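Contents: one structure, followed by commentary.
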Amino acid sequence: MATSSRGIVGPLERAAEPLAAPRVPKGRRVTDGMRRLVTAPPARAWDLVLHEPEPAEAPPAALVISWRDPDGHRGRGTLGGLPAAARQAPLRVWTPAVETLLTRVAWPGRSRAKLVQALPFLLEEQLLMEPEQLNFTHQPTAAGIMVAVTSAERLGAWRAAFAQAGLAASFCPLTLGLPFVQGQWTCRFADGQWAVRTGPYGGFGAMGRASAPPAPFLQALAEAATAGEAPAQIRLCDGDEALRALLEARLGVRVILDDNPVGAVGTLPFRLGETKGAMAASALTALRSLRPALIVAALGLCFSFAAMMAQWAHLGAAHGRLRQAQAQIFAQNFPDVPVLNPARQMQSETQALLARTGGADGFLALLGRAAPALKPLGTAGLLGLRYAPGVLRVQVQVADFGALTALEHALAARGLVVAAHHVMSRRNAVRAQLAVRRQSA
Numbered sequence: 072m073a074t075s076s077r078g079i080v081g082p083l084e085r086a087a088e089p090l091a092a093p094r095v096p097k098g099r100r101v102t103d104g105m106r107r108l109v110t111a112p113p114a115r116a117w118d119l120v121l122h123e124p125e126p127a128e129a130p131p132a133a134l135v136i137s138w139r140d141p142d143g144h145r146g147r148g149t150l151g152g153l154p155a156a157a158r159q160a161p162l163r164v165w166t167p168a169v170e171t172l173l174t175r176v177a178w179p180g181r182s183r184a185k186l187v188q189a190l191p192f193l194l195e196e197q198l199l200m201e202p203e204q205l206n207f208t209h210q211p212t213a214a215g216i217m218v219a220v221t222s223a224e225r226l227g228a229w230r231a232a233f234a235q236a237g238l239a240a241s242f243c244p245l246t247l248g249l250p251f252v253q254g255q256w257t258c259r260f261a262d263g264q265w266a267v268r269t270g271p272y273g274g275f276g277a278m279g280r281a282s283a284p285p286a287p288f289l290q291a292l293a294e295a296a297t298a299g300e301a302p303a304q305i306r307l308c309d310g311d312e313a314l315r316a317l318l319e320a321r322l323g324v325r326v327i328l329d330d331n332p333v334g335a336v337g338t339l340p341f342r343l344g345e346t347k348g349a350m351a352a353s354a355l356t357a358l359r360s361l362r363p364a365l366i367v368a369a370l371g372l373c374f375s376f377a378a379m380m381a382q383w384a385h386l387g388a389a390h391g392r393l394r395q396a397q398a399q400i401f402a403q404n405f406p407d408v409p410v411l412n413p414a415r416q417m418q419s420e421t422q423a424l425l426a427r428t429g430g431a432d433g434f435l436a437l438l439g440r441a442a443p444a445l446k447p448l449g450t451a452g453l454l455g456l457r458y459a460p461g462v463l464r465v466q467v468q469v470a471d472f473g474a475l476t477a478l479e480h481a482l483a484a485r486g487l488v489v490a491a492h493h494v495m496s497r498r499n500a501v502r503a504q505l506a507v508r509r510q511s512a
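Each residue of the sequence shown is one higher than the one before, starting from 72 at the first, in our numbering.
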């Protein structure tokens, strides 16, 4: 029986032919721009290091930056002198380390809205500014909620400067742009600032000199050693052999040079002012497949909501009666104080009475002891006072670390035990929170 070669070879020949171009609807034409949009690879990001921490003091185009392109070529100049190729690429801007506080909080809940409301209270003892003046960026990790706190005014000025220059950029603290190796720290000195990375999302910045590590660096290293978490070695970025030898001698830890540039970390760990949590397309697809179940769940929630509203109305009436009773009790015990929030006012007034009779550990006793040492600070140096049972927390601003040490010695000479927390160095001043308590007999 003869077999036709056409019936066997024909399909194979057709399979070997190149694929035909997709059909374009009549009346439409594939342009060169459309082809480039489909075939062009995604633009690679440029890394920019911001050297001017206060953009409000200069025109946006005059901000001093250094840059590194995707091929490793570097340059330095003003924002207005940024190469034309960078203006068409994604920009990652590494902001001064001293301008952002990196910390971690424990949050048992899942509601992101409640977390945003709770962050100022969870970080109350670490903040040197009012919460309304700060920007909180948070990100959940296996180690807890990592938080970056930056001045809202400063972040807004950076964004405005780049926007006026016609540039779109993402901002991240320079601390997290340093290379990180588990069990090691990484540091960098430039423009009178030290940046130290201590973990995947941890680190700090401090003003100082290249001739000596700043006090926060030494304090963090001592605390890590006490907790058994001292780094095996410290990596120095953008440094030379002289600075490496100096650090190794001053810190007592092995220091090695690291040739990796700032930004050689892959994706940004943080984007200041942005919070992760956007829903992916795959998640939306999964939700569509669950639509019938979601409808049933929604009906159940509606019935539950109606029952809850009825119970809420009942509880609201009971709350009104209790509040009225609290107001009457508060007015009877504190007749000279206007009634605004009787429960909170009762607690506050009671604590105030207890503090006045707290003996040697009371507010007045501690303040009386500390007043002679605090008096030279004046109104400019004494930023705030806060009292907890047995502890007076004093927020101060002094000229330098030497003045801070002198203040601690003066308080100790008054028979007080002093512990410095949340020390932050600025250009011309040092801010700190001192926990002052009476020295035990």
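The C-beta atom is built at its ideal place from N, Cα and C for all residues, glycine as well. Only a predicted model underlies this, so the values are computations on that prediction, with no experimental measurement involved.
Assignment of residue 375 by DSSP, reduced to helix, strand and coil, places it in the helix class.
Approximately 42 Å separates the beta-carbon atoms of residue 435 and residue 272; this is outside 8 Å, ruling out the contact. Taking the Cα of residue 227 as reference, the smallest distance to any Cα among 457, 345, 491 is reached at 345.
If you look at residue 434, you'll find it in the alpha helix (DSSP H) that goes 434-445. In the assembly as shown, residue 186 is a buried residue. Its beta-carbon has 16 or more other beta-carbons within 10 Å. For residue 287, the enclosing alpha helix (DSSP H) stretches over residues 286-297. Taking the CA atoms as reference points, residue 321 sits about 8 Å from residue 284. Taking C-beta atoms under 8 Å as the contact rule, residue 248 and residue 165 qualify, at a distance of about 4 Å. If you check the CB distance, residue 150 and residue 134 come in under 8 Å.
Membership of residue 166 in the beta strand (DSSP E) is indicated by the continuous run 162-166. At the C-beta level, residue 305 and residue 256 come within 8 Å of one another. Judged by their CB atoms, residue 508 and residue 487 are nearer to each other than the 8 Å cut-off. Pairwise C-beta distances place the segment 232-249 out of contact with the segment 281-295, as fewer than three of them are shorter than 8 Å.
If you look at residue 269, you'll find it isn't in any alpha helix (DSSP H); DSSP assigns it neither H nor E. The way I'd put it, the segment 184-203 doesn't touch the segment 362-374; fewer than three beta-carbon pairs between them come closer than 8 Å. Judged by beta-carbon spacing, residue 471 lies beyond the 8 Å limit of residue 494, meaning their Cβ atoms are not closer than that value. For residue 143, there is no enclosing alpha helix (DSSP H), as DSSP marks it with neither H nor E. Relative to residue 184, the option among 157, 403, 207, 412 whose CA is nearest is 207. The C-beta of residue 217 has 16 or more other C-beta atoms within 10 Å across all chains shown, which makes the residue buried. Nearest to residue 295 by alpha-carbon distance, out of 312, 313, 324, is 324.
Taking all protein chains in view, the Cβ of residue 144 is surrounded by fewer than 16 other Cβ atoms within 10 Å, so the residue is classified as exposed.
Relative to residue 457, the option among 437, 448, 410 whose CA is nearest is 437. A buried status is given to residue 170, since no fewer than 16 other beta-carbon atoms sit within 10 Å of its beta-carbon. Under the three-pair Cβ rule at 8 Å, the segment 399-418 does not count as touching the segment 378-385.
Annotation: the continuous beta strand (DSSP E) that includes residue 215 extends over 215-222. Non-local beta-carbon contacts of residue 269 in its own chain, meaning distances under 6 Å to residues more than five positions away in sequence, involve 256 in chain order.
In the DSSP assignment, residue 205 falls within the beta strand (DSSP E) that extends over 205-212.
In this structure, the straight-line span from the alpha carbon of residue 160 to that of residue 333 is close to 18 Å. Residue state for residue 122 is assigned as coil, using DSSP reduced to three classes. Per DSSP, residue 490 is one residue of the beta strand (DSSP E) stretching across 487-496. Secondary structure at residue 363: helix, using DSSP grouped into helix, strand and coil. Shown here for residue 262: same chain residues with a beta carbon closer than 6 Å to its own, the five before and five after excluded, namely 122 in chain order. The residues 117, in chain order, have a CB closer than 6 Å to that of residue 140 in the same chain once the five nearest residues on each side in sequence are set aside. Taken atom to atom, the span from the alpha-carbon of residue 389 to that of residue 407 is near 27 Å.
When DSSP states are grouped into helix, strand and coil, residue 416 belongs to the helix group.
Beta-bridge partners assigned by DSSP to residue 137: 120, 147.
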